[in-house]
Amino acid sequence: ADSVAKEVALELHYGARQAEGQVSLARDLAQRLPSTFEAMKRGALDPYRASKVADQTSALTDEQAREVDARVAGKITTRDATSVRRLVNRTVARVDPDGYARRCEERKRGRSVRLCHEDEGMATLYAYLPAEIAATIYTRVDRVARRLRSRGEERTLDELRADVFSDLCLGVARPVEPPRAEVFVYLDFLTWTGLRNEPAELAGHGPIPAQLAREIAANATIRRVITDPMTGTPIDVGRHRYRPSAATKELVQVRDRECRVPGCHRPVQACDLDHVEPWAQGGGTHSSNLCGLCRRDHRLKDEPGWHHRMTGTGVLEITTPAGRTYRSEPEPLTTAA
Numbered sequence: 001a002d003s004v005a006k007e008v009a010l011e012l013h014y015g016a017r018q019a020e021g022q023v024s025l026a027r028d029l030a031q032r033l034p035s036t037f038e039a040m041k042r043g044a045l046d047p048y049r050a051s052k053v054a055d056q057t058s059a060l061t062d063e064q065a066r067e068v069d070a071r072v073a074g075k076i077t078t079r080d081a082t083s084v085r086r087l088v089n090r091t092v093a094r095v096d097p098d099g100y101a102r103r104c105e106e107r108k109r110g111r112s113v114r115l116c117h118e119d120e121g122m123a124t125l126y127a128y129l130p131a132e133i134a135a136t137i138y139t140r141v142d143r144v145a146r147r148l149r150s151r152g153e154e155r156t157l158d159e160l161r162a163d164v165f166s167d168l169c170l171g172v173a174r175p176v177e178p179p180r181a182e183v184f185v186y187l188d189f190l191t192w193t194g195l196r197n198e199p200a201e202l203a204g205h206g207p208i209p210a211q212l213a214r215e216i217a218a219n220a221t222i223r224r225v226i227t228d229p230m231t232g233t234p235i236d237v238g239r240h241r242y243r244p245s246a247a248t249k250e251l252v253q254v255r256d257r258e259c260r261v262p263g264c265h266r267p268v269q270a271c272d273l274d275h276v277e278p279w280a281q282g283g284g285t286h287s288s289n290l291c292g293l294c295r296r297d298h299r300l301k302d303e304p305g306w307h308h309r310m311t312g313t314g315v316l317e318i319t320t321p322a323g324r325t326y327r328s329e330p331e332p333l334t335t336a337a
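The UniProt record's numbering puts the first residue of the sequence shown at 1, with every later residue one more than the last.
Here it is, written out as structure tokens:
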């Protein structure tokens with residue numbers, strides 16, 4: 001392998017590490033990921049997205065990797081690299097649930113906080129934490145920052161997040177009471193009740209082991225979303241509020257999770273809830289006419305030539321000025337056993 005990597009490095013003017021990575025990817029495609037390799041040969045998949053499949057299956061046996069490859073075949077060619085990585089990671093958690101849980105525990109033992117001094121009076125503080133804890137911390141910081149921003153603060157949102165984070169760590173008094181940080185965990189009914197151990201999904205992160213999902217679903221800062229074990233659609237949301245408008249907003253956020261424009265992964269909590277059929281044109285305020293759009297895509301929707309249409313099942317169809325139509329369909333949060 002070293003000899004081949006060196007020859008590749010010389011021929012393509014690569015560094016040693018880059019050449020080794022290319023040789024490793026080629027070996028995985030040829031020996032472990034036949035469907036992904038075939039998609040590349042057809043020109044339907046570029047090497048970068050293929051590398052995401054290889055990276056996410058690197059801890060699996062050859063047999064497990066081929067099973068994951070077969071399961072995602074036909075689904076990865078129409079997705080961006082981030083979506084490919086998430087899909088494969090989710091599939092890995094289902095093909096090898098015990099191994100996935102073990103690797104999560106091994107990673108957890110590596111949690112740490114590090115300080116890196118930068119130039120001109122600045123430094124970077126790194127915290128390597130369990131995903132559910134990191135997500136809860138960030139959500140709390142972000143919500144306080146946005147509340148301050150809405151009160152006419154001149155600081156940017158990034159500046160506010162940094163200042164709020166510093167104040168929380170140092171115990172400095174704050175002008176506003178921080179809202180309850182809400183992070184969603186999605187698990188199917190059978191997993192929630194302990195009748196099976198399918199991996200769950202932590203919003204904005206990806207799959208987590210079933211036992212961890214059951215543990216954190218009882219946390220007051222974590223909102224559990226129970227899904228139908230066959231269809232993956234939400235059937236219950238742990239609630240602390242009853243106003244219909246808030247319930248509708250919550251349902252849309254649970255369904256969408258991110259900006260609905262393909263390729264945009266901004267969390268839906270930081271997005272606008274847009275009327276697909278404009279309110280002024282008779283569009284109703286209900287989940288089948290609302291979707292999450294980041295501010296940029298929300299503005300673009302109103303540009304000439306752009307048309308959005310939502311079906312009753314939550315599929316968003318986006319037609320561009322060039323006449324091309326793209327479908328954005330919320331993925332089931334769980335799959336059938």
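The C-beta atom is built at its ideal place from N, Cα and C for all residues, glycine as well.
Same chain only: Cβ atoms within 7 Å of Tyr242, ignoring 5 sequence neighbours per side:
Summary for Tyr242: the model assigns pLDDT 27, below 50, so the residue's position carries little reliability; its value from the coordinates is reported in the next sentence. Taken in chain order, the list of residues that qualify is empty.
Please confirm if the segment 104 to 117 is in contact with the segment 70 to 82, defined as three or more CB-CB distances below 8 Å between the two stretches.
no
Please say whether Arg94 and Pro209 have beta carbons closer to each other than 8 Å?
no
Given this structure, state the Cα-to-Cα distance separating Gly282 from Val276, to the nearest angstrom.
11 Å
In the structure shown, what three-state DSSP assignment does Arg24 receive?
Per the sequence shown, residue 24 should be read as Ser rather than Arg. The answer is helix: DSSP assigns Ser24 an H, G or I state.
Inside the segment 107 to 191 only - alpha helix (DSSP H) runs reaching at least 4 residues:
Runs of the alpha helix (DSSP H) spanning 4 or more residues and lying entirely within the segment 107 to 191 occur at 131 to 149 and 157 to 170, in chain order.
Whose C-beta lies closer than 6 Å to the C-beta of Arg111 among residues of the same chain, with five residues either side of it excluded?
Here the set comprises Tyr128 and Leu129.
Once DSSP output is grouped into helix, strand and coil, what is the label at Arg94?
helix
Whether Val141 touches Arg161 by CB criterion (8 Å):
yes
Of the residues Ala44, Phe37, Asp62 and Ile318, which one's Cα is nearest the Cα of Pro262?
Ile318
From what residue to what residue does the alpha helix (DSSP H) around Asp55 run?
Where Asp55 is concerned, the enclosing alpha helix (DSSP H) stretches over Pro47 to Gln56.
Proximal residues to Met40 (C-beta, below 8 Å), its chain only, five neighbours per side dropped
Leu29, Asp46, Pro47 and Ala50
If you draw a straight line from the C-alpha of Thr311 to the C-alpha of Ser288, how long is it?
7 Å
Quick one: what's got a C-beta closer than 7 Å to Leu300's C-beta in the same chain, skipping five residues either side?
Trp306
How about Leu316 and Cys294: do their beta carbons lie closer than 8 Å?
For the 8 Å CB-CB criterion, Leu316 and Cys294 do not form a contact.
How would you label Gly204, buried or exposed, when you count the other beta carbons within 10 angstroms and need 16 or more for buried?
buried
Pick from Ala280, Asp256 and Gly284: whose alpha carbon is nearest that of Asp272?
Asp256
DSSP three-state call for residue 391: helix, strand or coil?
It is not possible to answer for residue 391, since the shown part of the chain is limited to 1 through 337.
Output needed for Glu67: all residues of its chain with C-beta closer than 6 Å, excluding positions within five of it in sequence on either side, in chain order.
Val95
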